[in-house]
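What follows is a short report on a single structure.
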Amino acid sequence: MIIGMLIALSVGRYELSLRQVFGILTNTIPSTAVNQNVVLNIRLPRVLAAAGIGAALALSGTAYQGIFQNPLVSPDLLGVSNGAAVGAALAILLNFQPWAIQILAFIFGISAVLLTMSIPKLMHQRTTLTLVLAGIIVSGLMQACLGLIKYLVDPDSQLQSIVFWQLGSLAKVTLTNLLTTLPLLIIGTIILCIMRWRLTVISLGDSAAGSLGINLRFERLLIILCATILTAASVCISGTIGWIGLVVPHVARLIIGPNPRYALPLAGLVGALFLVIVDTLARTISAGEIPLSILTGFIGTPIFIYILLSKRVKL
1064 MIIGMLIALS VGRYELSLRQ VFGILTNTIP STAVNQNVVL NIRLPRVLAA
1114 AGIGAALALS GTAYQGIFQN PLVSPDLLGV SNGAAVGAAL AILLNFQPWA
1164 IQILAFIFGI SAVLLTMSIP KLMHQRTTLT LVLAGIIVSG LMQACLGLIK
1214 YLVDPDSQLQ SIVFWQLGSL AKVTLTNLLT TLPLLIIGTI ILCIMRWRLT
1264 VISLGDSAAG SLGINLRFER LLIILCATIL TAASVCISGT IGWIGLVVPH
1314 VARLIIGPNP RYALPLAGLV GALFLVIVDT LARTISAGEI PLSILTGFIG
1364 TPIFIYILLS KRVKL
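For the working numbering, add 1063 to where a residue sits in the sequence shown, where the first one is 1.
Rendered as structure tokens:
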């Protein structure tokens, strides 16, 4: 992982050797101001953000798949990604500053999930199926709101910004953006890792979890909340990035087995490395910045097809 991040820091249109990068990071080798600016102010925030967001999305996907006992579940199941997209689009429509776009995206993402979770409560049917159906309803509502905002924005400038945000990018990430959401990423990751043995029990089914004395409603709510915070914090920085939360958990289980106790931390590492590689490709393989979801789709699709064809996923 560390080697991958060092390589990512050295690769780009302005090439640097690994020795130069290591020297700049450790302040052991004299370097020019240009080299220091490229490494510390431009590439380092992107690489750190890619690692953190990749890990967060993979952890969220693993947690959701365990909670809902469904290998085809992704972190946006309850509407967090669509809600965040509406918040970001609304901020762009109102010509808010970039930091306000991130805040509004986070608030709307969390609000969408809270709305999803309130529907089963109002129906007095707090089952997993009802929660999933509520997520579909809220996601549809958020997509309709997003479509309305797209219809209202300036097609020459604002619409392009919304579309690019929906496809995901780390081109504008700064160290300040990263530090703002870092506490949420750290707290959510720690809680999920601590609770991974409970996730193992919950993934066995409600009956097994209940027989072992697990407070199923509270434990499930806490895991969903942590996974949602990780997803919302990630999406508000990078925009929507697909496939990581769906495919990476399967890769981790392929390597180490289905037990969430071991698959969860491995998924975080694989997700971090995967997005670091994808972001490096996004800024190097063409003259313009390629949106991340395009690359994750092209890479994730054949991987997922292979997993399905190898019959490693029980549907």
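Positions of the beta carbon are idealized from the N, C-alpha and C atoms, including for glycine.
Give me the residue from the options with the minimum Cα distance to residue i.
{"i": "Leu1178", "options": "Leu1288, Pro1323, Ser1270", "result": "Leu1288"}
{"i": "Thr1303", "options": "Ser1073, Ile1116, Asn1240", "result": "Ile1116"}
{"i": "Thr1191", "options": "Phe1227, Ile1250, Gly1129", "result": "Gly1129"}
{"i": "Leu1262", "options": "Asn1322, Phe1169, Arg1076", "result": "Asn1322"}
{"i": "Ala1163", "options": "Asn1240, Leu1284, Ser1297", "result": "Asn1240"}
{"i": "Ser1174", "options": "Arg1316, Thr1291, Leu1242", "result": "Thr1291"}
{"i": "Phe1171", "options": "Ala1296, Gln1223, Thr1347", "result": "Ala1296"}
{"i": "Cys1256", "options": "Thr1125, Ala1071, Leu1185", "result": "Thr1125"}
{"i": "Asn1133", "options": "Gln1099, Ile1265, Pro1183", "result": "Ile1265"}
{"i": "Ala1112", "options": "Gln1188, Leu1245, Gln1099, Asn1158", "result": "Leu1245"}
{"i": "Ile1258", "options": "Leu1275, Gly1198, Gln1188, Arg1324", "result": "Note that residue 1258 is Met in the sequence shown, not Ile. Measuring from the Cα of Met1258, the nearest candidate turns out to be Arg1324."}
{"i": "Met1180", "options": "Thr1364, Leu1284, Leu1371, Thr1359", "result": "Leu1284"}
{"i": "Leu1344", "options": "Ile1277, Val1110, Asn1098", "result": "Val1110"}
{"i": "Gly1305", "options": "Ala1121, Leu1211, Leu1069", "result": "Ala1121"}
{"i": "Ala1168", "options": "Gln1188, Ala1147, Ile1370, Leu1157", "result": "Ala1147"}
{"i": "Val1176", "options": "Phe1131, Asn1098, Gly1198, Thr1193", "result": "Gly1198"}
{"i": "Leu1279", "options": "Leu1211, Phe1131, Ile1370, Ser1220", "result": "Phe1131"}
Buried or exposed: where does residue i fall if 16 or more other Cβ atoms within 10 Å of its Cβ makes it buried?
{"i": "Gln1160", "result": "exposed"}
{"i": "Tyr1127", "result": "buried"}
{"i": "Ser1123", "result": "buried"}
{"i": "Pro1312", "result": "buried"}
{"i": "Asn1145", "result": "buried"}
{"i": "Phe1281", "result": "exposed"}
{"i": "Ile1155", "result": "buried"}
{"i": "Pro1108", "result": "buried"}
{"i": "Ala1096", "result": "exposed"}
{"i": "Ile1286", "result": "buried"}
{"i": "Met1186", "result": "exposed"}
{"i": "Val1226", "result": "exposed"}
{"i": "Arg1106", "result": "buried"}
{"i": "Gly1203", "result": "exposed"}
{"i": "Ala1350", "result": "exposed"}
{"i": "Trp1228", "result": "buried"}
{"i": "Thr1347", "result": "exposed"}
{"i": "Leu1372", "result": "exposed"}
{"i": "Arg1189", "result": "exposed"}
{"i": "Ser1301", "result": "buried"}
{"i": "Gly1320", "result": "exposed"}
Given a cut-off of 9 Å on the beta-carbon distance, is the pair residue i and residue j in contact?
{"i": "Leu1153", "j": "Val1201", "result": "no"}
{"i": "Val1314", "j": "Ile1362", "result": "no"}
{"i": "Leu1327", "j": "Ala1119", "result": "no"}
{"i": "Cys1299", "j": "Gln1165", "result": "yes"}
{"i": "Ile1357", "j": "Leu1215", "result": "no"}
{"i": "Val1074", "j": "Val1102", "result": "no"}
{"i": "Ala1114", "j": "Leu1336", "result": "yes"}
{"i": "Ser1232", "j": "Pro1138", "result": "no"}
{"i": "Leu1309", "j": "Val1136", "result": "yes"}
{"i": "Ile1092", "j": "Arg1076", "result": "no"}
{"i": "Lys1235", "j": "Leu1222", "result": "no"}
{"i": "Val1339", "j": "Gly1067", "result": "yes"}
{"i": "Leu1209", "j": "Val1143", "result": "no"}
{"i": "Met1064", "j": "Leu1238", "result": "no"}
{"i": "Thr1359", "j": "Ile1318", "result": "no"}
DSSP on residue i, reduced to helix/strand/coil?
{"i": "Met1064", "result": "coil"}
{"i": "Pro1093", "result": "coil"}
{"i": "Thr1364", "result": "helix"}
{"i": "Gly1075", "result": "coil"}
{"i": "Ile1348", "result": "coil"}
{"i": "Pro1354", "result": "coil"}
Is there a Cβ of chain D sitting closer than 9 Å to that of residue i, yes or no?
{"i": "Val1101", "result": "This model lacks chain D altogether; it includes just one protein chain."}
task = Enumerate, from N- to C-terminal direction, the unbroken alpha helix (DSSP H) stretches of 4 or more residues contained entirely within the stretch 1251 to 1321.
result = Here the runs fully enclosed are 1259 to 1265, 1269 to 1274, 1279 to 1301, 1307 to 1319.
task = Starting from the N-terminal side, write out each stretch of the beta strand (DSSP E) that is 3 residues or longer and does not extend beyond the stretch 1180 to 1245.
result = Runs of the beta strand (DSSP E) inside the stretch 1180 to 1245: none found.
Beta strand (DSSP E) runs contained entirely in the stretch 1121 to 1191, provided each spans 3 or more residues = With a minimum length of 3 residues, no continuous beta strand (DSSP E) run stays inside the stretch 1121 to 1191.
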